[in-house]
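Peer 1: Quick one: structure below, then a few questions.
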Amino acid sequence: MGRAPNPEKTGVPYIANFSEVEVDTATGRVQVLKLVVLNDCGTVMYASGAEAQQIGGQVTGLGEALTEEIIYDEATGVPLNFNWIDYKIPTMADMPEVAPALLEVWRGAGEYGACGIGEGTLTCTPRSVLNAIYNAIGARIDDIPVKPEKVLKALGKA
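Encoded structure:
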């Protein structure tokens, strides 16, 4: 497997992201069992900090994939759930097993050959979860967050 050409030598990391999910086809509930991210981020200067960036990106991406959604009043456009009670973010109870891994092959354009870590992880995690759901139920869901009613609709049960 190769890499795309990068003539500008920009600091774009290469990332592989995998998700394992369990889907209850009766209720539509999705449980993420495991998240794996491999990040070729160039030179790693502080490994535990880099892994924490990966985990932070996965947590944020998990929320984007399954729970985080701003609901607006259709008449006024005012957010209805703009508080910490109604706007659902992942908690420690929601976290699956996470397996961050760092690969130091590509040399980024940043200082000492490093490049971004957490940002790419965030953008990959929701898509990885959506693909795992597709693999589990055989039906594609294209929009996030994936709520149980969307799963049931994709299965033809709603």
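The sequence shown begins at 513 in the working numbering and counts up one residue at a time.
No residue lacks a Cβ here, since even glycine has one placed at the ideal position from N, Cα and C.
Remember, predicted model here, so these are calculated numbers, not experimental data.
Say whether the segment 544 to 559 touches the segment 579 to 599, bearing in mind that this needs 3 or more beta-carbon pairs closer than 8 Å, one atom from each stretch.
Peer 2: Touching, no.
Peer 1: Decide yes or no for the touch test of the segment 660 to 670 against the segment 552 to 563: beta carbon pairs closer than 8 Å, at least 3 of them.
Peer 2: Not touching, per the Cβ criterion.
Peer 1: From residue 570 to residue 624, what does the alpha carbon distance come to, in whole angstroms?
Peer 2: If you number the sequence shown from 1, residue 570 lands on position 58. If you number the sequence shown from 1, residue 624 lands on position 112. Their backbone Cα atoms lie some 25 Å apart in a straight line.
Peer 1: Any idea if residue 591 is buried or exposed, counting beta-carbon neighbours within 10 angstroms, 16 or more meaning buried?
Peer 2: Against the sequence shown, residue 591 aligns to sequence position 79. With fewer than 16 Cβ atoms within 10 Å of its Cβ, residue 591 is classed as exposed.
Peer 1: Mind pulling the alpha helix (DSSP H) runs of 4 or more residues that sit fully within the segment 614 to 669?
Peer 2: Complete alpha helix (DSSP H) runs here, min 4: 630 to 649 and 660 to 666.
Peer 1: How would you write the range of the beta strand (DSSP E) that residue 532 sits in, first residue to last?
Peer 2: What you label residue 532 is simply residue 20 of the sequence shown in a count that begins at 1. Unbroken beta strand (DSSP E) run through residue 532: 526 to 535.
Peer 1: Establish whether the CB of residue 624 and some CB of chain C are separated by less than 8 Å.
Peer 2: No chain C is present in this structure, which holds just one protein chain.
Peer 1: Short check: CB of residue 634 to CB of residue 573, under 8 Å?
Peer 2: On the sequence shown, residue 634 is found 122 positions in, with the first residue counted as 1. On the sequence shown, residue 573 is found 61 positions in, with the first residue counted as 1. The answer is yes: Cβ separation under 8 Å.
Peer 1: Do residue 531 and residue 644 come within 8 Å of each other at the CB atom, strictly closer than that value?
Peer 2: Here residue 644 refers to the residue found at position 132 of the sequence shown. Here residue 531 refers to the residue found at position 19 of the sequence shown. Yes, these two residues count as a Cβ contact at 8 Å.
Peer 1: For residue 666, which residues in the same chain have their Cβ closer than 6 Å to its Cβ, ignoring the five residues on either side in sequence?
Peer 2: Along the sequence shown, one-based indexing puts residue 666 at 154. Around residue 666: 651 and 653.
Peer 1: Closest to residue 581 by C-alpha separation, out of 588, 565 and 601, would be which residue?
Peer 2: Your numbering for residue 581 matches position 69 in the sequence shown. Closest option to residue 581, Cα to Cα, is 601.
Peer 1: For a test of the three-state rule: what should DSSP assign to residue 556, helix, strand or coil?
Peer 2: As a working note, residue 556 is residue 44 in the sequence shown. Residue state, collapsed to three classes: coil.
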